[in-house]
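In the UniProt record's numbering, the protein residues as written are 1 to 195.
See structure below.
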């Protein structure tokens, strides 16, 4: 998953395993946080705030380029192809995140920010939950987006999507749970997808 392609893609950071409903990346390329001590390292909170900055500065998905992504995120964006580029890194608490722009075939281009636990490690639920889902949603509403909920079978909440002319942003929740399955804290952001 996250570190699988490290040997083959030494300088190419990218996405952790995508949300199952929107599988996009078949060969993740994240490098460990300690691979280059001079490389900028973001916290989960910085990653989410900077992704909000990217959305704020963008009118349509087509406006997102490697340069605009670099400017908003403040990290070195790696290009795999003209239509596939991004950045990924490990986070404290055995988490990793990535921001990636990729053409998703019939679904068209999309940009995502996603958080995943590092495989084989016990990840702290709080390790990637700042700002939480409610604060992230409020920031989008403050940018003029309208909010809608998407539900699956048995009315199970899947995600909220936010729309404004030229852009749709889907925000997928992750709820930290105890060993018994009870919620243990605020709803976190698992993944954000711009279409």
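Backbone N, C-alpha and C fix where the C-beta goes; we use that ideal spot for every residue, glycine too.
What you are looking at is a predicted structure, and each value in this text was computed from that prediction instead of being measured.
Have a look at the DSSP bridge pairing and note the partners of residue i.
i, result
"residue 105", "Answer is none; residue 105 lacks a bridge partner."
"residue 199", "Absent from the structure is residue 199, since the part of the chain shown begins at 1 and ends at 195."
"residue 110", "102"
"residue 117", "95"
"residue 62", "None; residue 62 has no bridge partner."
Could you round the C-beta distance between residue i and residue j to whole angstroms and report it? I think they count as a contact, below 8 Å.
i, j, result
"residue 128", "residue 159", "That belief does not hold up - the Cβ atoms of residue 128 and residue 159 are roughly 17 Å apart, past 8 Å."
"residue 114", "residue 191", "4 Å"
"residue 133", "residue 189", "5 Å"
"residue 45", "residue 117", "Not confirmed; about 17 Å, so no contact."
"residue 194", "residue 61", "6 Å"
For residue i, does the three-state DSSP call read helix, strand or coil?
i, result
"residue 281", "The requested residue 281 is not part of the displayed model; the chain covers only 1 to 195."
"residue 53", "helix"
"residue 190", "strand"
"residue 123", "coil"
"residue 96", "strand"
"residue 42", "coil"
"residue 128", "helix"
"residue 182", "coil"
"residue 177", "strand"
Quiz item: Which parts of the segment 131-171 are runs of the alpha helix (DSSP H), unbroken and 4 residues or longer, counting only runs that do not cross its ends?
Solution: 133-142
Quiz prompt | Cβ contact check for the segment 162-172 and the segment 92-109: 3 or more pairs under 8 Å | solution = no
Practice problem: Please determine if the segment 71-87 and the segment 100-111 are in contact, where contact requires at least 3 C-beta pairs separated by less than 8 Å. | Solution: yes
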